[in-house]
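In order, the protein sequence lines correspond to chains A and B. Each residue of the first sequence is one higher than the last, beginning at 71 in my numbering. Each residue of the second sequence is one higher than the last, beginning at 71 in my numbering.
Protein chains: 2
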Amino acid sequence: MEKSVFKYRIEPNRVDFTGRISVSSMFDMILAAAGEDAHTRGFGVDALAVNDYGWVLSRICFELDALPKEYSDLTLYTWIGGYNRLISTRNFQLADAEGKEFGRAVSQWCMLDFNTRMPADMNTMAKAHEGNMVDAPEPCERPRRLLAVDSEVVGSHKVAYSDIDFNHHMNTMRYIDLIFDSMPIEVIENLQSVRMDINFVKEALYGDELSIYGNECDGVRQYEFRNAAGEVLCRAALEIK
Amino acid sequence: MEKSVFKYRIEPNRVDFTGRISVSSMFDMILAAAGEDAHTRGFGVDALAVNDYGWVLSRICFELDALPKEYSDLTLYTWIGGYNRLISTRNFQLADAEGKEFGRAVSQWCMLDFNTRMPADMNTMAKAHEGNMVDAPEPCERPRRLLAVDSEVVGSHKVAYSDIDFNHHMNTMRYIDLIFDSMPIEVIENLQSVRMDINFVKEALYGDELSIYGNECDGVRQYEFRNAAGEVLCRAALEIK
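Here is the structure:
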């Protein structure tokens, strides 16, 4: 089994005011490739929907040594590294037009049963995984488990129509947008490289009132999303250089 | 000269909770095609940027008889219909997998001088337009001129990093998102067809505090975006069936 290969060009609608792709657009690109690869191999969201199941991202880390500029070409490699009862792991590598690796990601997915909104046993997908795993080293350290930290409110948001996706919950890119929107814009303007770890704990649903807590310590920015009941929905950590 | 043709498939990351493409994603698709077509023909944002000019959308109307579902195929036709000193007109038609037209749009663009942030004379682009115009009927009634109406505040928004694009102003899709986010979600769930007219009056810039005014009368929803100084930035009207 070989890694799947996707070719992309950074269209102007993906870049931010710096003329480089935004981090959330970069996430959108790798997650779309993941969806496309799963679809082609017969275990996409459409195939799972027949049983009222869906893929839900549990944890992800993403390292970017650089943010490509408008109209630059890149190659994305993605493959499934393995799975256990609860988690399927998909890896990514990104290379620029010269073939130089500039990014990598490890994502961990669970299968959600939409009837109960609880995780389903991945072994029901064992057949889909067989013959679709690639024996290659993981491209970087796996997503870290993020713990609670002392933090203060840096933003708030009520989950709206445009935030929710086909899974009826707030989209990964919107978490990232809200995190970046809460930062001083100079941090984004001067960003050279980033590692981002995200842990999804509980879904944010339409109408939920979110509070975003943030903290910066030793060059690491940590964030936590909580709902009105104070429940933790998502934690993220960013190392920005 | 022939219309340019683009083929698309509705990827899952473009659909909303109803499993159909969202109106703002549909706008993103046609505007990306416009950018791509201009780029290919040598008058894209990259070519204009050399002179510190950029394309800015002035008015647009978009009619959709239906919203395509996830994984459906569509064909997009786009062409420049004409231009005058201030405005270049680009038209669009959308057809489904069976070749049936289900959407059409007319967009009017001006060229912005980024040094003055004022419109530039389109005649400087006369060469680019020559040989690139298609003599075909306009696909629908042109964008309407929208007037002020009595309305009340239906939303507010502070322009954030993720709202602004390479032009340093709030992106068209974010206006549409904010309009749809202010509607009762049942209206979107039951939406069968829509005509949307938008007039852009003044740019919304990073940090601007926007108020969104809305009004519903005789089946037409009208919206107006104003900044903290009370200046009108954008007006939109929607006929939803």
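Cβ atoms here follow ideal geometry from the backbone N, Cα and C, with glycine treated the same way. Note that this is a predicted model, so its numbers are computed, not measured.
DSSP beta-bridge partners of residue i
{"i": "residue 127 of chain B", "result": "B:179"}
{"i": "residue 266 of chain B", "result": "B:132 and B:308"}
{"i": "residue 148 of chain A", "result": "A:74 and A:162"}
{"i": "residue 244 of chain A", "result": "Beta-bridge pairing links residue 244 of chain A to no other residue."}
{"i": "residue 273 of chain B", "result": "Residue 273 of chain B pairs with nothing; no bridge assigned."}
{"i": "residue 282 of chain A", "result": "A:225 and A:295"}
{"i": "residue 143 of chain A", "result": "A:79"}
{"i": "residue 290 of chain B", "result": "B:287 and B:309"}
{"i": "residue 302 of chain B", "result": "B:296"}
Alpha carbon of residue i to alpha carbon of residue j, nearest angstrom
{"i": "residue 268 of chain A", "j": "residue 257 of chain A", "result": "19 Å"}
{"i": "residue 237 of chain B", "j": "residue 131 of chain B", "result": "21 Å"}
{"i": "residue 108 of chain B", "j": "residue 93 of chain A", "result": "26 Å"}
{"i": "residue 293 of chain A", "j": "residue 128 of chain A", "result": "16 Å"}
{"i": "residue 172 of chain A", "j": "residue 82 of chain B", "result": "26 Å"}
{"i": "residue 133 of chain A", "j": "residue 219 of chain A", "result": "22 Å"}
{"i": "residue 149 of chain B", "j": "residue 77 of chain B", "result": "15 Å"}
{"i": "residue 264 of chain A", "j": "residue 230 of chain A", "result": "28 Å"}
{"i": "residue 290 of chain B", "j": "residue 311 of chain B", "result": "10 Å"}
{"i": "residue 280 of chain A", "j": "residue 272 of chain A", "result": "12 Å"}
{"i": "residue 304 of chain A", "j": "residue 143 of chain B", "result": "35 Å"}
{"i": "residue 167 of chain A", "j": "residue 139 of chain A", "result": "12 Å"}
{"i": "residue 302 of chain A", "j": "residue 296 of chain A", "result": "5 Å"}
{"i": "residue 86 of chain A", "j": "residue 125 of chain B", "result": "16 Å"}
{"i": "residue 284 of chain B", "j": "residue 221 of chain B", "result": "5 Å"}
{"i": "residue 182 of chain A", "j": "residue 196 of chain B", "result": "56 Å"}
{"i": "residue 306 of chain B", "j": "residue 152 of chain A", "result": "49 Å"}
{"i": "residue 213 of chain B", "j": "residue 176 of chain B", "result": "7 Å"}
{"i": "residue 120 of chain B", "j": "residue 187 of chain B", "result": "15 Å"}
{"i": "residue 225 of chain B", "j": "residue 232 of chain B", "result": "18 Å"}
{"i": "residue 223 of chain A", "j": "residue 252 of chain A", "result": "10 Å"}
{"i": "residue 123 of chain A", "j": "residue 207 of chain B", "result": "47 Å"}
{"i": "residue 255 of chain A", "j": "residue 288 of chain B", "result": "43 Å"}
{"i": "residue 180 of chain A", "j": "residue 116 of chain A", "result": "16 Å"}
{"i": "residue 159 of chain A", "j": "residue 178 of chain A", "result": "5 Å"}
{"i": "residue 200 of chain B", "j": "residue 194 of chain B", "result": "12 Å"}
{"i": "residue 282 of chain B", "j": "residue 309 of chain B", "result": "18 Å"}
{"i": "residue 270 of chain A", "j": "residue 135 of chain A", "result": "24 Å"}
{"i": "residue 169 of chain A", "j": "residue 300 of chain A", "result": "46 Å"}
{"i": "residue 211 of chain B", "j": "residue 211 of chain A", "result": "56 Å"}
Expected contact under 8 Å - CB spacing of residue i and residue j to nearest Å
{"i": "residue 275 of chain A", "j": "residue 239 of chain A", "result": "6 Å"}
{"i": "residue 216 of chain B", "j": "residue 189 of chain B", "result": "With 8 Å as the limit, residue 216 of chain B and residue 189 of chain B do not qualify as a contact, their Cβ atoms being about 19 Å apart."}
{"i": "residue 105 of chain A", "j": "residue 114 of chain A", "result": "6 Å"}
{"i": "residue 100 of chain B", "j": "residue 91 of chain B", "result": "With a Cβ gap of about 11 Å, residue 100 of chain B and residue 91 of chain B do not count as contacting."}
{"i": "residue 261 of chain A", "j": "residue 137 of chain A", "result": "7 Å"}
{"i": "residue 243 of chain B", "j": "residue 98 of chain B", "result": "5 Å"}
Cutoff 8 Å; reference residue i; Cβ partners in own chain excluding five residues on either side
{"i": "residue 234 of chain B", "result": "240, 241, 275 and 276"}
{"i": "residue 154 of chain A", "result": "192"}
{"i": "residue 75 of chain A", "result": "145, 146 and 147"}
{"i": "residue 286 of chain A", "result": "292"}
{"i": "residue 250 of chain A", "result": "92, 93, 94 and 258"}
Check: residue i C-beta below 7 Å from any heavy atom of the ligand FAD
{"i": "residue 299 of chain A", "result": "Only the bare structure without any ligand can be found here, which leaves the ligand FAD out of the picture."}
Cβ shell of residue i (< 6 Å), same chain only, five flanking positions each side left out
{"i": "residue 209 of chain B", "result": "161, 163 and 174"}
{"i": "residue 204 of chain B", "result": "71, 73 and 149"}
{"i": "residue 198 of chain B", "result": "113"}
{"i": "residue 298 of chain B", "result": "279"}
{"i": "residue 165 of chain B", "result": "145 and 171"}
{"i": "residue 84 of chain A", "result": "91 and 95"}
{"i": "residue 202 of chain A", "result": "111 and 150"}
{"i": "residue 245 of chain A", "result": "304"}
Spatial neighbours of residue i in its chain, beta-carbon cut-off 7 Å, leaving aside the 5 residues before and after
{"i": "residue 247 of chain B", "result": "94"}
{"i": "residue 89 of chain B", "result": "139 and 140"}
{"i": "residue 185 of chain A", "result": "122"}
{"i": "residue 259 of chain B", "result": "88"}
{"i": "residue 53 of chain A", "result": "Nothing can be reported for residue 53 of chain A, as the shown portion of chain A is limited to 71 through 311."}
*If you scan the stretch 169-240 of chain B from start to end, which runs of the alpha helix (DSSP H) of 4 or more residues do you find wholly inside it?*
At a cut-off of 4 residues, the continuous stretches assigned as alpha helix (DSSP H) that sit fully inside the stretch 169-240 of chain B are 196-199.
Margin query: As an exercise, report each continuous beta strand (DSSP E) stretch of at least 3 residues that is fully enclosed by the stretch 71-113 of chain B, in chain order.
Written below: The stretch 71-113 of chain B contains, as complete beta strand (DSSP E) runs of 3+ residues, the segments 74-79 (chain order).
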